[in-house]
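Participant: The sequence shown begins at 6 in our numbering and counts up one residue at a time.
Handing you a structure now.
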Amino acid sequence: MTMISAVQQDEILGDASYLAHRYDEVSDAFRFLSVPRDVHRQCTFITDEHLPNIDQFKVIDRSRLPEMLPNTAPIHFIFHSAYCCSTMLARAFDIEGVSMGLKEPVVLNDMIGWRRRGADPAKQHQVIKQSLNLLARPLGDDHAVIIKPSNICNPLAIEMLRMRPEAKALLLYAPIESFLKSIAKKEMWGRIWVRDVLIGTLKDGYAVGGFSQDELLQLTDLQVAAIGWLSQHALFSRIIEAIGPDRVRTLDSETFLSRSQDTIKALADLYELDLVHEQINSILQGPAFTSHSKLDQTKPGEVFDANARQQEQQKVAELHGAEIEMVATWTKAVAESQKIAMNLNQTLI
């Protein structure tokens with residue numbers, strides 16, 4: 006940990022390449038890491054696992070932060086329910102001189118962890134607001150910041166959107182069959198992950214109802230995955246209702262992949278980025294659409310597009326198709342009983 010002078014503090018706050026990476030609730034301070042644009046591009050997510058030099062952070066006490074930062078830009082959001090090409094979409098908005106997509110900033114994850122440990126709501130509200138202000142500092146000459154939080158941060162969506170009345174949001178999800186195929190493809194790790202997600206949704210109080218603890222324990226791994234998917238879907242509906250369709254749009258991953266150009270154009274319009282045709286074509290021909298978002302970006306990756314995803318999921322269906330079909334049917338029955346829409350309204354395109 007490095008304590009800094011007032012001059013250094015001003016330099017850090019005025020330079021968005023110093024990412025507000027973590028919030029320490031014990032010391033009531035933010036930790037900043039040097040993350041230039043090229044490092045953002047190389048990292049799958051801007052998390053400890055992927056960032057270099059995470060031990061070389063600089064600390065600014067929250068009490069020392071000015072009420073107004075010297076330079077901020079409009080921020081917008083991509084909220085997602087996982088395994089739906091959200092990282093690809095965030096990478097697409099790395100457009101120098103226009104916008105930068107922040108891929109799962111950990112400082113927002115810290116807000117969820119703190120809330121679960123019993124954070125004072127009024128204090129946390131202020132810290133979330135300050136976190137967003139820090140994330141709103143644009144890189145270089147960019148005019149906007151696009152934040153793709155981790156899906157564990159979705160319970161913060163309504164609060165954050167109310168804090169930033171200019172902000173627009175996309176709610177991105179995979180159709181249930183596609184989502185289940187992605188979980189099955191991850192084998193043991195995917196099955197562990199969905200149970201961890203269920204634990205989180207129970208702690209955060211938005212897991213779909215109708216199941217006792219014993220009944221939850223009796224569910225298969227893919228049924229647990231479906232409960233998590235339904236819980237996110239129900240939450241997305243509440244976000245639309247609370248914030249309004251003029252600021253929130255929805256999209257499924259299969260539509261995104263099959264209509265990528267339309268998606269980028271419509272989302273740029275929603276975010277008021279004013280992209281021209283040539284810029285959209287450049288995005289579609291760039292790394293976001295020509296390499297796998299979860300592979301090491303410092304190494305050449307295979308082309309990953311709608312066809313590649315379809316081939317990948319077809320292989321999974323050959324192994325797990327019968328189980329996936331049964332769970333998808335079960336999910337639709339649960340959704341009907343809980344009055345949860347399988348297909349969300351207010352679509353982007």
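C-beta atoms are modelled at their ideal positions from N, C-alpha and C, and glycine is treated no differently.
Below 8 Å, how does it come out for the segment 63-78 and the segment 153-171: are there three or more Cβ pairs, yes or no?
Facilitator: By the Cβ rule, the segment 63-78 does not count as touching the segment 153-171, because fewer than three pairs are nearer than 8 Å.
Participant: Please name the residue in P160, A333, M93 whose C-alpha comes closest to that of P292.
Facilitator: M93
Participant: With H, G and I counted as helix, E and B as strand and the rest as coil, what does DSSP make of L278?
Facilitator: Here L278 carries a coil assignment [DSSP, helix/strand/coil].
Participant: Between the alpha carbons of P160 and E192, how many angstroms are there, rounded?
Facilitator: Their Cα atoms are separated by approximately 27 Å.
Participant: CB R42 to CB R36, shorter than 9 Å?
Facilitator: no
Participant: Can you find a heavy atom of the ligand PLP that lies under 8 Å from the Cβ of R254?
Facilitator: Among the components of this structure there are no ligands whatsoever, and the ligand PLP is therefore not found.
Participant: Which class does P79 belong to by DSSP, given the choice of helix, strand or coil?
Facilitator: coil
Participant: Going along the chain, which residues of its own chain have a beta-carbon closer than 6 Å to the beta-carbon of S258, five neighbours each way excluded?
Facilitator: C89, C90, A179
Participant: By a C-beta neighbour count over all protein chains shown, 10 Å radius and 16 as the cutoff for buried, is S296 buried or exposed?
Facilitator: buried
Participant: Kindly indicate which three-state DSSP category S39 falls into: helix, strand or coil?
Facilitator: strand
Participant: For the segment 139-147 against the segment 215-224, do three or more pairs of beta-carbon atoms, one drawn from each stretch, fall closer than 8 Å, so that the two count as touching?
Facilitator: no
Participant: DSSP three-state label for H55, please.
Facilitator: coil
Participant: Counting only the same chain and skipping the five closest in sequence on each side, list residues whose C-beta sits under 6 Å from that of K304.
Facilitator: The predicted position of K304 is uncertain, since its pLDDT is 44 and thus under 50; a value taken from the coordinates is nonetheless stated next. No residues qualify anywhere along the chain.
Participant: For S187, does the count of other Cβ atoms within 10 angstroms reach 16, so buried, or fall short, so exposed?
Facilitator: buried
Participant: Below 6 Å CB to CB, which residues in the same chain sit around F98 once its five sequence neighbours on both sides are set aside?
Facilitator: S104, G106, I151
Participant: Relative to the C-alpha of T260, which candidate in S183, T225, H148 has its C-alpha closest?
Facilitator: S183
Participant: Quick check: V132 and T52, are their CB atoms within less than 9 Å of each other?
Facilitator: no
Participant: So which of Q266, W234, V281 has the shortest CA-CA distance to M347?
Facilitator: Comparing Cα-Cα distances from M347 to each of Q266, W234, V281, the minimum goes to W234.
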